[in-house]
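Q: This is the structure I want to talk about, given as structure tokens.
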Amino acid sequence: MNQGEDPYFRFRDEVDEGISNCEQQTREWEVLRSSVQSQQRADWVKSEIQSKLEPIRKQIIDLEKMNAMILANPSKFKNITQQEVDNRRAFISKSRGRISQIESHLASPPPDTPEMRAAAKRDRVARAKIDDHQRAIDSEIQNQQVQLQRQDENLDMIGNEVAQIRVISNQIGDELRDQNDRLDAVNDHMDRTDNKIETVTQKMQKLLSSKTTWLWVACFVLTILLAVIMFLAFTT
Numbered sequence: 001m002n003q004g005e006d007p008y009f010r011f012r013d014e015v016d017e018g019i020s021n022c023e024q025q026t027r028e029w030e031v032l033r034s035s036v037q038s039q040q041r042a043d044w045v046k047s048e049i050q051s052k053l054e055p056i057r058k059q060i061i062d063l064e065k066m067n068a069m070i071l072a073n074p075s076k077f078k079n080i081t082q083q084e085v086d087n088r089r090a091f092i093s094k095s096r097g098r099i100s101q102i103e104s105h106l107a108s109p110p111p112d113t114p115e116m117r118a119a120a121k122r123d124r125v126a127r128a129k130i131d132d133h134q135r136a137i138d139s140e141i142q143n144q145q146v147q148l149q150r151q152d153e154n155l156d157m158i159g160n161e162v163a164q165i166r167v168i169s170n171q172i173g174d175e176l177r178d179q180n181d182r183l184d185a186v187n188d189h190m191d192r193t194d195n196k197i198e199t200v201t202q203k204m205q206k207l208l209s210s211k212t213t214w215l216w217v218a219c220f221v222l223t224i225l226l227a228v229i230m231f232l233a234f235t236t
């Protein structure tokens, strides 16, 4: 397998070019982050470098796999000498070291300059104001929730009272209906009694208006008087 057919060289060139590009951007990022006005641009460059490093790591893993295949079956790759294998291993190790150095730079703290300290102070003040504003919002939301909960409790109490009033109203309605039924029964009884009295009265009037009736009454009275006279005569 000659150099034109071996994919290692293509991967090696891509890895080397990618790392070199990331190193150049890292130097740019270090310049940008030293200025407060360039912080947004610095953050964007840092994010771009980190996104480029991930595929480069995968390519290095592929190079390692190729080297492992050569070491596992050297008879199949007779044109690749041990020196070439060592060179490839050294390139992989060096590439990992370059990536590690880039990541170390990206993780380093920002430079301590008066401008940066002033900017950091402004950021702290701004964050404190934001936190205070957020706490005020949270407190207002909590108060509103408490008020809503109290309103719900009051509505529940009112609902219970309305239900009790409805029950009492139903009971009063039942009692009134019972009283009306009893009054109707008394009225019916009074009507029947009035009818009976009227009937007796009519009969008495008929008796009193009859001459025969007066004769019988006179006879009855005379009989009683005669009985009294005889009683007195026998007793004296």
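Here the sequence shown is numbered in UniProt numbering, starting from 1 and rising by one per residue.
Even for Gly, the Cβ is constructed at its ideal location relative to N, Cα and C.
#1: Please classify S95 as buried or exposed, where buried requires at least 16 other C-beta atoms within 10 Å of its C-beta.
#2: Distance check for D62 and I70, CA to CA, integer angstroms please.
#3: Counting Cβ pairs, one atom from each stretch, are 3 or more of them under 8 Å apart for the segment 37-47 and the segment 69-89?
#4: Can you give me the C-alpha to C-alpha distance between L32 and A42, rounded to a whole angstrom?
#5: Relative to the C-alpha of A90, which residue among L232, D16, Q142 is closest?
#6: For the pair the segment 49-59 and the segment 131-148, tell me if three or more CB-CB distances fall below 8 Å.
#7: Under 8 Å, do Q59 and F11 count as touching if we go by C-beta distance?
#8: Which of helix, strand or coil does DSSP assign to K65?
#9: Could you give the first and the last residue of the continuous alpha helix (DSSP H) run that contains F9?
#10: Do residue 245 and I19 have their C-beta atoms closer together than 8 Å?
#11: Beta carbon of L106, beta carbon of T26: below 8 Å?
#12: For the candidate residues V217, I92, E153, Q171, whose alpha-carbon lies nearest to that of D13?
A: So, from the listed chains and residues:
#1: To locate residue 95, count along the sequence shown from 1; it is residue 95. Buried: at least 16 other Cβ atoms inside 10 Å.
#2: Looking up residue 70 in the sequence shown gives position 70. Looking up residue 62 in the sequence shown gives position 62. The straight-line gap from Cα to Cα measures roughly 13 Å.
#3: no
#4: On the sequence shown, position 32 is the one that residue 32 refers to. On the sequence shown, position 42 is the one that residue 42 refers to. Cα-Cα distance, rounded: 5 Å.
#5: Along the sequence shown, read from residue 1 onward, the residue named residue 90 stands at position 90. Relative to the Cα of A90, the nearest Cα in the group L232, D16, Q142 belongs to D16.
#6: Too few Cβ pairs lie closer than 8 Å, so no.
#7: Reading the sequence shown from its first residue, position 59 is the one you call residue 59. Reading the sequence shown from its first residue, position 11 is the one you call residue 11. Going by C-beta atoms, Q59 is nearer than 8 Å to F11.
#8: For the purposes of this step, residue 65 is taken as residue 65 along the sequence shown, with counting starting at 1. Correct three-state label for K65: helix.
#9: The residue given as residue 9 occupies position 9 in the sequence shown. 7-33 is the extent of the alpha helix (DSSP H) around F9.
#10: Residue 245 lies beyond the residue range present for the chain, which begins at 1 and ends at 236; the question has no answer from this structure.
#11: Indexing the sequence shown from 1 puts residue 106 at position 106. Indexing the sequence shown from 1 puts residue 26 at position 26. Yes.
#12: Sequence index remark: in the sequence shown, residue 13 carries index 13 (1-based). Cα-wise, what sits closest to D13 is I92.
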